[in-house]
Amino acid sequence: ADPAHSLGINPVGQSGVPFDKHYSDQAKAFVNGEYVPQRFSEEDVAAHTEGVLRLVPGE
Numbered sequence: 069a070d071p072a073h074s075l076g077i078n079p080v081g082q083s084g085v086p087f088d089k090h091y092s093d094q095a096k097a098f099v100n101g102e103y104v105p106q107r108f109s110e111e112d113v114a115a116h117t118e119g120v121l122r123l124v125p126g127e
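Residue numbers for the sequence shown follow our numbering, so the first one is 69 and each next one is one higher.
Next comes the structure, spelled out in C-alpha cells:
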C-alpha cells in the first residue's frame, strides 16, 4: 500500500460542528461512491490546507 496515493471519504465531512461549512461537504460524494485523495505528507497537507485553528490555553 502507498499512503501517498490513497483515497477515502468522510461522509460527515471534515468538521464535527453542524454549522461549519465542512460539516457535510463530503456527503454527496459518499452517496455517489466517490473518493478524495488523502493527505499524509507534511508538504501535501500544507499545500492543501484551507485554514488553521490553534487552541492555546490561557489566551
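For every residue, glycine included, the Cβ atom is placed at its ideal position computed from N, Cα and C.
At a Cβ-Cβ threshold of 8 Å, residue 72 and residue 108 count as neighbours.
Residue 106 holds the alpha-carbon nearest to the alpha-carbon of residue 82 among 101, 100, 106. Within the model, the alpha-carbon separation for residue 124 versus residue 114 is close to 21 Å.
The three-state reading of DSSP puts residue 85 in coil, since its state is none of H, G, I, E or B. Out of 90, 85, 78, 89, the CA that lies nearest to the CA of residue 98 is found in 78.
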